[in-house]
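Participant: Residue numbers (the numbering used here): 34 to 452.
Using N, Cα and C, we set each Cβ at its ideal position, and we do this for glycine too.
Keep in mind the model is a prediction, meaning the values are calculated, not measured.
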Ligand code: EPU
């Protein structure tokens, strides 16, 4: 397992370009299953999660080819609508194949994803909604088995906004008979990107980005050829890297409309942020001010940036209050940040972060994707050399983060094969 070594204390300066979005690409790749023929995706990030989904589709009989940042998926010969445990266990987003498979093939067998480090993360909403479309669902031996002759449109009210749940149902309803109305949908930019992808395949999806989405089912879809949107969470992480180091950075590809809540909090903490060219320019102060924030579904503050902003606030002036409402166990970075001298107390879903003058380097352990990013950020600020172990978590969602940070002046390098 690789580690990342960072010697802190250098303000980041310069320009950096955001890669394609992991969480937009994953459902779009799953949507390729809806159409016989070759779909092409441009600007695909080279990430472990994308490779895992590619392997899963190849297991089903799809032809998956990569040429640089272009990925092509030919789903003409998919013959095994099955997602085995060995692949699903490493990536929860595999559940995204359920909707497309049952819609196109009338059957699917997908391993239940199980819990993960950040919480239990059930898929009851996906299953309840597919049943409403007429799928017969059985759970046996750790697998979801879904069958349907043809799905039928229905009105579905989600109990809570779920990102992959909304995506799964949009894909299933695209080939259903008649109209589906999804209510209390997730509104994330990745949902809009999926609707655009489906519509380019000939689907009729309206309202994505709002809480009600209408889908008029069609009998067949054609393959797509599309460019992936920039990764808003990577963009936010790079802005946070500038923030914690008192830097001055242009993040190309960062879109203000995708990041309103985090930008508001970064400005409240003292940063100047302006739209410049096709990106965002951040100039951070030497010392940040404390700010309170609460995570919520989009357009609220993204849970996927909670750990990163918390790392920044650990060296702010004053006490910040951070409330996590989306996942029940997403404070695992706190213990590791504390080992670097941060003063953070957790009470249930709330963390109180009392800003300290200095962080001090320490060996730390990454526990999940976004927690890993927060430890790298803390390392950029800490005095001395921090080693972040188990960076395979980081590699699931960030393409060459250390190379991008090094190009901005950070003293950072990957160390092969440690703990
Ligand atoms: N939930 C249920 N039942 C369901 C589905 C969700 O109770 O059937 C709950 C979850 O347990 C959670 C809340 O609803 O408490 C929201 O979960 P959601 O379903 O929206 O999360 P997800 O679709 O599994 C996606 C991203 C996550 C991101 C969340 C929240 C992808 C592939 N994953 O997960 O990304 O944190 O939305 O924005 O899009 C990451 O990239 O690091 C990551 C974890």
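Enumerate, from N- to C-terminal direction, the unbroken beta strand (DSSP E) stretches of 3 or more residues contained entirely within the segment 215-257.
Facilitator: Qualifying beta strand (DSSP E) stretches, in chain order: 237-239 and 246-249.
Participant: Going by alpha carbons, who is nearest to residue 362 out of 218, 334, 404 and 376?
Facilitator: On the chain shown, position 329 is the one that residue 362 refers to. Closest by alpha carbon: 404.
Participant: With C-beta atoms as the reference, is residue 207 less than 8 Å away from residue 231?
Facilitator: Residue 207 sits at position 174 when you count from the first residue of the chain shown. Residue 231 sits at position 198 when you count from the first residue of the chain shown. Yes, Cβ-Cβ distance for residue 207 and residue 231 is below 8 Å.
Participant: Alpha helix (DSSP H) containing residue 435: first to last residue?
Facilitator: Taking the chain shown and counting its residues from 1, one reaches residue 435 at position 402. Run containing residue 435: 434-440, per the alpha helix (DSSP H) assignment.
Participant: Check whether the Cβ atoms of residue 213 and residue 187 sit closer than 8 Å, and answer yes or no.
Facilitator: Residue mapping note: residue 213 aligns to position 180 of the chain shown, counting from 1. Residue mapping note: residue 187 aligns to position 154 of the chain shown, counting from 1. Yes. Within cutoff.
Participant: Is it true that the CB of residue 39 sits closer than 8 Å to the CB of residue 413?
Facilitator: The count along the chain shown starts at 1 and reaches residue 413 at position 380. The count along the chain shown starts at 1 and reaches residue 39 at position 6. It is a contact, given that the beta carbons lie within the stated cut-off.
Participant: Determine, using beta carbons only, whether residue 132 and residue 261 come nearer to each other than 8 Å.
Facilitator: Along the chain shown, one-based indexing puts residue 132 at 99. Along the chain shown, one-based indexing puts residue 261 at 228. Their beta carbons are not under 8 Å apart, which means residue 132 does not touch residue 261 by this criterion.
Participant: Where does residue 279 land, buried or exposed, given buried means 16+ other C-beta within 10 angstroms?
Facilitator: For the purposes of this step, residue 279 is identified with residue 246 of the chain shown, where counting begins at 1. Residue 279 should be labelled buried.
Participant: Please report the distance separating the alpha-carbon of residue 386 from that of residue 299.
Facilitator: To locate residue 386, count along the chain shown from 1; it is residue 353. To locate residue 299, count along the chain shown from 1; it is residue 266. Using only the alpha carbons, I get a separation of about 16 Å.
Participant: Just the C-alpha distance for residue 106 and residue 69, rounded to the nearest angstrom, thanks.
Facilitator: Indexing the chain shown from 1 puts residue 106 at position 73. Indexing the chain shown from 1 puts residue 69 at position 36. Computed Cα separation, rounded: 10 Å.
Participant: The alpha helix (DSSP H) spanning residue 425 covers which residue range?
Facilitator: The residue labelled residue 425 in the question sits at position 392 within the chain shown. Segment 425-428, the alpha helix (DSSP H) holding residue 425.
Participant: Could you tell me whether any non-hydrogen atom of the ligand EPU is closer than 7 Å to the CB of residue 195?
Facilitator: Taking the first residue of the chain shown as 1, we reach residue 195 at position 162. Residue 195 Cβ: within cutoff of the ligand EPU.
Participant: Is the beta carbon of residue 423 within less than 7 Å of some heavy atom of the ligand EPU?
Facilitator: Your numbering for residue 423 matches position 390 in the chain shown. For the ligand EPU, not one heavy atom lies less than 7 Å from the Cβ of residue 423.
Participant: Am I right that residue 269 and residue 338 are in contact with their C-beta atoms under 8 Å? What's the rounded C-beta distance?
Facilitator: As a first step, residue 269 is located in the chain shown; it is residue number 236 there, counting from the start. As a first step, residue 338 is located in the chain shown; it is residue number 305 there, counting from the start. Going by Cβ atoms, the distance from residue 269 to residue 338 rounds to 4 Å, so yes, they are a contact pair.
Participant: Short check: CB of residue 453 to CB of residue 316, under 8 Å?
Facilitator: The requested residue 453 is not part of the displayed model; the chain covers only 34 to 452.
Participant: Is residue 330 near residue 359, with beta carbons less than 8 Å apart?
Facilitator: The residue given as residue 330 occupies position 297 in the chain shown. The residue given as residue 359 occupies position 326 in the chain shown. Result yes, Cβ atoms of residue 330 and residue 359 sit closer than 8 Å.
Participant: Starting from residue 293, trace the alpha helix (DSSP H) in both directions and tell me its first and last residue.
Facilitator: As a position in the chain shown, residue 293 is number 260, starting the count at 1. 293-301 is the span of the alpha helix (DSSP H), which, as asked, contains residue 293.
Participant: Does the count of Cβ pairs from the segment 119-126 and the segment 80-88 closer than 8 Å reach three?
Facilitator: With a cut-off of 8 Å, the segment 80-88 and the segment 119-126 count as touching, because enough Cβ pairs lie within range.
Participant: Determine which residues share a DSSP beta bridge with residue 326 and list them.
Facilitator: Walking along the chain shown from the start, residue 326 turns up at place 293. For residue 326, which the question treats as bridged, DSSP gives the partners 355.
Participant: Quick check on residue 155: does DSSP put it in helix, strand or coil?
Facilitator: Along the chain shown, read from residue 1 onward, the residue named residue 155 stands at position 122. In the structure shown, residue 155 sits in coil (DSSP, three-state: anything other than H, G, I, E or B).
Participant: Assuming residue 23 and residue 443 make a contact with CB atoms under 8 Å, what is their CB distance in whole Å?
Facilitator: Lying before the first or after the last residue shown, residue 23 is absent from the chain, which here runs from 34 to 452.
Participant: Taking all protein chains shown into account, do 16 or more other C-beta atoms lie within 10 angstroms of the C-beta of residue 243, making it buried, or fewer, making it exposed?
Facilitator: In the chain shown, the residue the question calls residue 243 occupies position 210. Exposed, by the Cβ-count rule.
Participant: If you run the structure through DSSP and keep just helix, strand and coil, what is residue 176?
Facilitator: Sequence index remark: in the chain shown, residue 176 carries index 143 (1-based). Reduced to three states, the DSSP call for residue 176 is strand.
Participant: Give the secondary structure of residue 378 by DSSP, where H, G and I count as helix, E and B as strand, and everything else as coil.
Facilitator: As a first step, residue 378 must be located in the chain shown, where it is residue number 345. Residue state, collapsed to three classes: strand.
Participant: Pull up the DSSP beta-bridge partners for residue 47, would you.
Facilitator: In the chain shown, the residue the question calls residue 47 occupies position 14. The partner list for residue 47 (beta bridge, DSSP) reads 282.
Participant: Less than 8 Å between the beta carbons of residue 203 and residue 225, yes or no?
Facilitator: For the purposes of this step, residue 203 is taken as the residue at position 170 of the chain shown. For the purposes of this step, residue 225 is taken as the residue at position 192 of the chain shown. No, Cβ-Cβ distance for residue 203 and residue 225 is not below 8 Å.
Participant: Name the DSSP beta bridge partners of residue 444, please?
Facilitator: Residue 444 sits at position 411 when you count from the first residue of the chain shown. Per DSSP, 40.
Participant: My output table needs one value for residue 74: the three-state DSSP class, helix, strand or coil.
Facilitator: Within the chain shown, residue 74 is the residue found at index 41, counting from 1. If DSSP states are grouped into helix, strand and coil, residue 74 belongs with the strands.
Participant: How would you label residue 449, buried or exposed, when you count the other beta carbons within 10 angstroms and need 16 or more for buried?
Facilitator: The count along the chain shown starts at 1 and reaches residue 449 at position 416. So residue 449 counts as exposed.
Participant: What are the boundary residues of the alpha helix (DSSP H) that includes residue 398?
Facilitator: One-based indexing of the chain shown puts residue 398 at position 365. Per DSSP, residue 398 belongs to no alpha helix (DSSP H); it is in the beta strand (DSSP E), 396-398.
Participant: Do residue 77 and residue 284 have their CB atoms nearer than 8 Å?
Facilitator: In the chain shown, counting from the first residue as 1, residue 77 sits at position 44. In the chain shown, counting from the first residue as 1, residue 284 sits at position 251. In this structure, residue 284 does not lie closer than 8 Å to residue 77 by Cβ.
Participant: Could you give the DSSP three-state label for residue 360: helix, strand or coil?
Facilitator: For the purposes of this step, residue 360 is taken as the residue at position 327 of the chain shown. Residue 360 falls in the coil class under three-state DSSP.
Participant: At 3 residues or longer, what runs of the beta strand (DSSP E) sit wholly inside the segment 95-164?
Facilitator: Fully enclosed beta strand (DSSP E) runs of 3 or longer: 96-100, 103-107 and 140-144.
Participant: Taking only the alpha-carbon atoms, compute the straight-line gap between residue 118 and residue 73 and give it to the nearest angstrom.
Facilitator: One-based indexing of the chain shown puts residue 118 at position 85. One-based indexing of the chain shown puts residue 73 at position 40. Computed Cα separation, rounded: 27 Å.
Participant: Return yes when the C-beta of residue 187 is under 7 Å from any heavy atom of the ligand EPU, and no when it is not.
Facilitator: Numbered from 1 along the chain shown, position 154 holds the residue referred to as residue 187. Checking every heavy atom of the ligand EPU against the Cβ of residue 187, none is found closer than 7 Å.
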